[in-house]
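Under my numbering, the letters of the sequence shown match residues 52 to 285, in that order. Even glycine gets a Cβ: it sits at the ideal position worked out from N, Cα and C. Please read these numbers as outputs of a predicted model, since none were measured by experiment.
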Amino acid sequence: MPTYNEAGNLPGMAEALMALPLPGLRLLVVDDSSPDGTGEIAEEHVRRFGPERMGVLHRAGKEGLGRAYAAGMQRAVADGARYVLQMDADGSHPAAKVPELLGVALSTGAAVTLGSRYVQGGTLSEAWGAHRRLLSRWANAYAGTILGTRVRDITGGFNLWREDALRAIDLASVDSAGYSFQVEMKYRALRRGYGVMEVPIHFEDRTVGESKMNLMVQLESVAMPWRLRARSRR
């Protein structure tokens, strides 16, 4: 769970995850030196829940969502995780769906199990306006068409990865610094022959804090599918 200025959201997310009926679950927060004290709040929860159930990876500064995810995934794999779940700290991804994602992964053998907004049964927050809904759907269609995939929510960030798939992808070589990380990771998994399953979720809008999307992140997201396509052809 990467964080940057999520002091208002992290406590509730940690509580929800720790309450799940999954005794083997461990939460790793990757904090990019949040000015609002998110890292310190995370450490308080480590003391509360114990280091065997929660940990914090402190990074020197803000380097982008993709870099934070990659760092956290590498640490989780190194620590012996069989499955690694990535999810945002802003409350948009439903913690209650985590057991279902794991159940689907175990029953189907899927290397990647996605919490999907755009398969049958998936829904979006009513707080999303028409423009934001159209932009999100367009981004998925755009990336999927360029890369030739059938993944309905290729831009989504609520994903459960099998450990061997993460090792095969080689996280240290992933280029994306921002939200395009989601697309690059799924495309790399598909290119290596790993199976992907999508599970419908309700995607909620954040109620505390601000989105980290900016112009540079958007430009990277537009360019990355073309870069991935060109690289695969070479």
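Start-to-end residues for the beta strand (DSSP E) that takes in residue i
i	result
GLN137	134-137
PRO251	247-251
GLY207	Where GLY207 is concerned, there is no enclosing beta strand (DSSP E), given that its DSSP letter is neither H nor E.
ALA105	Note on residue identity: the sequence assigns Met, not Ala, to residue 105. MET105 -> beta strand (DSSP E) spans 105-109.
Chain C within 9 Å of residue i, Cβ atoms only
i	result
ALA146	The chain labelled as chain C is not found in the depicted structure, where only one protein chain is given.
C-beta contact flag for residue i and residue j at 9 Å
i	j	result
ALA147	ALA67	yes
ALA216	VAL163	yes
GLY208	ASP139	yes
LYS237	VAL259	no
SER84	ALA111	yes
VAL81	GLU94	no
HIS96	ILE252	no
MET248	LEU186	no
GLY195	ASN60	no
ALA219	ARG243	yes
ARG239	VAL225	yes
Bounding residues of the alpha helix (DSSP H) (the contiguous stretch that carries residue i)
i	result
ARG213	ARG213 -> not in any alpha helix (DSSP H); beta strand (DSSP E) instead, spanning 210-213.
LEU73	Run containing LEU73: none; DSSP gives neither H nor E here.
LEU222	Taken as a continuous stretch (DSSP letters only), LEU222 belongs to no alpha helix (DSSP H), as it is neither H nor E.
ASN191	181-198
HIS96	89-100
GLU151	149-159
GLU235	232-242
ALA129	116-129
Residue i to residue j span [Cα, whole Å]
i	j	result
ALA192	GLY173	16 Å
LEU241	PRO150	24 Å
GLY75	LEU136	13 Å
ARG184	ALA122	30 Å
MET52	ALA281	31 Å
VAL234	PRO72	30 Å
GLU103	LEU211	20 Å
GLY101	ALA70	14 Å
TRP179	TYR169	14 Å
ALA181	THR206	18 Å
HIS126	ARG98	The sequence as given places Arg at residue 126; His does not occur at that position. Each residue's alpha carbon lies about 20 Å from the other.
GLU214	TYR134	5 Å
MET275	SER227	8 Å
ALA156	THR89	31 Å
ALA158	ARG278	Residue 158 is actually Ser in this sequence, not Ala. For SER158 and ARG278, the distance between alpha carbons rounds to 34 Å.
ASP204	GLY154	19 Å
ASP87	ALA58	6 Å
LEU116	PHE232	8 Å
MET105	ALA65	9 Å
VAL128	LEU78	13 Å
LEU175	SER167	10 Å
SER283	LEU152	29 Å
GLY199	PRO62	39 Å
HIS109	PHE254	28 Å
ASN56	TYR230	17 Å
TYR245	ASP221	14 Å
GLU114	THR54	11 Å
ALA160	ALA190	The sequence shown places Gly at residue 160, rather than the Ala named in the question. The straight-line gap from Cα to Cα measures roughly 28 Å.
ASP130	GLU91	22 Å
Bridge partner(s) assigned by DSSP for residue i
i	result
LEU165	ASN210, GLU249
PHE254	LEU175
VAL81	PRO53, LEU108
Heavy atom of the ligand FMN within 8 Å of residue i beta-carbon
i	result
LEU211	Because no ligand of any kind appears in the structure shown, any question about the ligand FMN cannot be addressed here.
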